[in-house]
Amino acid sequence: MPGVKSSLLVVFFVAVVLRIYGLFAYDLWFDEIGTKLFSYQSIHRMAELSHVAPQTIFQARLTNDSHSFLYYHVVYFFSQFLGEGKALRLLSLVFSVLTVGVFYRVARILLTPRASFYALIILALNPFHIWYAQEARVYAMAGFVSLLMVYAFLTAVRDNRWWQWLAVGVSGAAAMMTSYFNIFILALLPVYLKLRGEERSWRPWLIAMAVTAALCAPAVPLVTAQWQFVQGNFWLPEPTPLTALFTVLVFILGYSGFIIQYAAGLVVFGVLAGWGTYHMAKADPGRALFLGLLVILPPAVIYVISHHSTPVYIHRQMLIFSPYLYFLAARGIEALPEERDRRVALGCVVLLMLSCLVNYYRNAMFDHKSRAKYFTGVVPKKNYQQTFRQLEQNFREGDIVAATETQAFVMLFAHVLDVSGSGAPLQFGAFKYYLFPSMMQRFDNRFLRIQDIMAQIPESEINRLQTFVPAPNGALVIDDDPVQEQPFNRVWLMSASWDNKGDQEAILNINALQVRSLFDRLFHKKSTQINDGIYLELYEK
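Plus 747 on top of the position in the sequence shown (first one is 1) and you've got our numbering.
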């Protein structure tokens, strides 16, 4: 009907606008810089400066990353045309917009047209999905490929054509290569067959899974290396019940809610999802159980694994499970007895999400000292290029620049890599990382690939300042010269806080504090600049 199509187009248009607005407002943060270093430009720049093959650099970086690898191949390919830097966010934007379309197609199979429309509104305005539509990371792609796999499965069960089951196998492999958490959705798909009594689908389902396994098999050595990295040195803490509660809150309202918004959202979505599950169970118990399992079981299993084995519980990786909560909430809105009630419920949902989007576009987040813990490492966005411009304008021959912690090191490494070969005085030979071995975390050592060097430092030296010099491929080697004897006239120290306090003092980690304290005693501080939690301090001998 024309009216229905017009309404769908309006919602889709709003979804696109909300995902575009402010896309390039902030600089790349720590994780996004990790993505940038997989771009065609960065890989070839590292290879050229290191005199090794680009594929060697690419493979080494994959091994030291915990994420599924397909996204990085997509980044490498498309960055040849999109460019690097903030332009990489365009990939996430495209995948998020495509997700909206596939989400609606899945909804039309599982829900009525009215409930599907309500679900579409929820996803279109959802702050959690909009956050990752604007971040150069894997999560928007993971959400799209995961839903595409489910859509391929549902249509194959419905129509039972061979090419549809082949699409299930291929999309299943793509989903696994994009997010390892998709294994939980794959494991639950046969439950749908059992609950629906789809006897004819078992054989093609098994063949499709054989296709998935065959396509994923070549990646087993890489996945094994990544799992060893996660097991030995990952940064995630064990989850708590409060962490699980925040998963629900993030699914509903993203990271930009305040206490009153989260409380209201929990009540509104909780009631609607519960009401929707109840009414769906009355009409179609198997479908209700299937959706309920997709919402509850994967996060629960990941929670148990993280609590008793290896911590891997992280909200953003579980974005792939959030659509099924939205389906249940949409069914709850539809199940309300009166049209007025449905409008009020939908209005409450829309107002809650829009209020959190206002916070998001203002870069406001839930303000609590344990925010990073509750949000598993998600922090306010920053603009730090002004700091690098200041550094470039004032950097002289004979100066060096040094990081005092890992976030600053990654930012500096990407910047020095960008300007290398440009004739600017800031090159890799003038770039260092100062650290106290006793102050470093295991994850930092593994992330920086210096764990073997650190293990060889004598016990008597672990409380002394050590100097590491980065190579263009990211490898770090130790410089035995004491800092007082190193050949520089001036040193620019860069330290970074995860908080964003504008030009106010921010919390730094203990290594950064100790390095700055030592330099205050050894050298003369000429200037201090603080911008969005990034410290740039100039010292002279």
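Every residue gets a Cβ at the ideal spot worked out from N, C-alpha and C, and that includes glycine.
ask   = Going by DSSP, which residues form a beta bridge with D1146?
value = Its beta-bridge partners are R1237.
inquiry  = Tell me the rounded alpha-carbon separation between V958 and M924.
reply    = Each residue's alpha carbon lies about 14 Å from the other.
key: Which residues DSSP lists as bridging S1242, in chain order   = Paired residues: Y1282.
query = When every heavy atom of the ligand FAD is checked, does at least one fall within less than 8 Å of the C-beta of A1222?
reply = Inclusion of the ligand FAD in the displayed structure is not the case, the ligand content being empty and no account of it being possible.
key: Own chain, CB closer than 7 Å to F1135, minus 5 neighbours either side, in chain order   = Cβ within range, chain order: H1162.
key: Reduced DSSP secondary structure (H/G/I, E/B, other) of Q1064   = Reduced to three states, the DSSP call for Q1064 is helix.
ask   = Can you tell me whether DSSP reads T1275 as helix, strand or coil?
value = Three-state DSSP puts T1275 in a strand.
message = When you compare the stretch 751–771 with the stretch 863–878, are there three or more beta-carbon pairs, one atom per stretch, that lie closer than 8 Å?
response = In this structure the stretch 751–771 touches the stretch 863–878; the number of beta carbon pairs closer than 8 Å is three or more.
key: Residue closest to F1215, alpha-carbon to alpha-carbon, out of M1201, S1207, S893   = Of M1201, S1207, S893, the smallest CA-CA separation from F1215 is found for M1201.
With 16 other Cβ atoms within 10 Å as the buried cut-off, status of F900 = Result: buried.
For M748, three-class secondary structure by DSSP = For M748, the predicted structure reports a pLDDT of 49, less than 50, and the residue's modelled location is therefore unreliable. The matter cannot be settled from this model.
inquiry  = Can you find the residues in the same chain that come closer than 7 Å, C-beta to C-beta, to C1095, ignoring five residues on each side of it along the sequence?
reply    = Answer for C1095: V1015, listed in chain order.
request  = Would you mind stating whether R808 and G1221 have Cβ atoms separated by less than 9 Å?
outcome  = Yes, the Cβ-Cβ distance between R808 and G1221 is below 9 Å.
inquiry  = Just to confirm the assignment, what range does the beta strand (DSSP E) spanning I1225 have?
reply    = Per DSSP, the unbroken beta strand (DSSP E) holding I1225 starts and ends at 1223–1226.
query = If you follow the beta strand (DSSP E) that K1179 is part of, which residue opens it and which one closes it?
reply = Where K1179 is concerned, the enclosing beta strand (DSSP E) stretches over 1178–1182.
key: Proximity winner among A800, N811, Y879, relative to L838 (alpha-carbon distances)   = Restricting attention to A800, N811, Y879, the CA atom closest to the CA of L838 is found in Y879.
query = Is there contact between the stretch 1105–1116 and the stretch 1027–1047, where contact requires at least three CB pairs shorter than 8 Å?
reply = Fewer than three Cβ pairs drawn from the stretch 1105–1116 and the stretch 1027–1047 lie within less than 8 Å of each other, which leaves the two stretches out of contact.
task = On a CA-only basis, which of G1021, N1256, A961 is nearest M1187? Give me that one, please.
result = Nearest in C-alpha terms to M1187, of all of G1021, N1256, A961, is N1256.
message = Going by beta-carbon coordinates alone, are L1013 and I999 separated by less than 9 Å?
response = In this structure, I999 lies closer than 9 Å to L1013 by Cβ.
ask   = Given that a residue counts as buried once 16 or more other Cβ atoms are within 10 Å of its Cβ, and exposed if not, what is N1236?
value = By the neighbour-count criterion, in which a residue is buried when 16 or more other Cβ atoms sit within 10 angstroms of its Cβ, N1236 is exposed.
key: Proximity of S1305 and Q1008 at Cβ, strictly below 9 Å   = Because the chain here runs from 748 to 1288, residue 1305 falls outside it and cannot be looked at.
ask   = On the three-state DSSP scale, how would you describe F1016?
value = When secondary structure is reduced to three states using DSSP, F1016 falls in the helix class.
key: Best match in M956, F875, E1252, L1075 for proximity to S1003 [C-alpha to C-alpha]   = If we check each option's Cα against that of S1003, F875 comes out closest.
ask   = Who are P1217's beta bridge partners in DSSP?
value = Looking at the DSSP assignment, P1217 forms a beta bridge with L1223.
Closest by C-alpha distance to M1065, when choosing among Q1231, V1042, P1084 = For M1065, the closest C-alpha among the options Q1231, V1042, P1084 is that of V1042.
key: Cβ contact check for the stretch 1022–1036 and the stretch 1075–1083: 3 or more pairs under 8 Å   = Contact holds: three or more Cβ-Cβ distances are below 8 Å.
inquiry  = Using only the alpha-carbon positions, how far apart do E1206 and Q1231 sit?
reply    = Answer to the nearest angstrom: the Cα atoms are 22 Å apart.
request  = Taking 9 Å as the cut-off, decide whether the C-beta atoms of N1141 and L1240 are in contact.
outcome  = In terms of Cβ geometry, N1141 and L1240 do not form a close pair [threshold 9 Å].
key: Whether D1283 touches Q1137 by CB criterion (9 Å)   = Residue 1283 is actually Leu in this sequence, not Asp. Between L1283 and Q1137, the C-beta gap is smaller than 9 Å, which places the two residues in contact.
request  = Return the residue from the list Y787, N1247, L1098 that minimises the CA-CA distance to L835.
outcome  = Put simply, of Y787, N1247, L1098 the residue whose alpha carbon is nearest the alpha carbon of L835 is Y787.
query = If F1070 and F850 are in contact, beta carbons under 8 Å, what's the gap, nearest whole angstrom?
reply = Checking the sequence, you will find Pro at residue 1070 rather than Phe. Distance from P1070 to F850 at the Cβ level is roughly 6 Å; contact confirmed, criterion being Cβ atoms closer than 8 Å.
ask   = For the 8 Å Cβ check, are there 3 or more pairs between the stretch 952–967 and the stretch 779–795?
value = With a cut-off of 8 Å, the stretch 779–795 and the stretch 952–967 do not count as touching, because too few Cβ pairs lie within range.
key: Test item: CB-CB of M888 and L817 under 9 Å   = Yes; because the gap between Cβ atoms is below 9 Å, this pair is in contact.
task = Counting only the same chain and skipping the five closest in sequence on each side, list residues whose C-beta sits under 6 Å from that of M793.
result = Excluding residues within five positions, the ones whose Cβ falls inside 6 Å are I804, P1219, N1220.
inquiry  = Looking at the secondary structure, which residues open and close the alpha helix (DSSP H) in which E1081 lies?
reply    = Counting along the chain, the alpha helix (DSSP H) containing E1081 begins and ends at 1069–1082.
key: Alpha-carbon to alpha-carbon, I1209 and S1185   = Cα to Cα, the separation comes out at about 5 Å.
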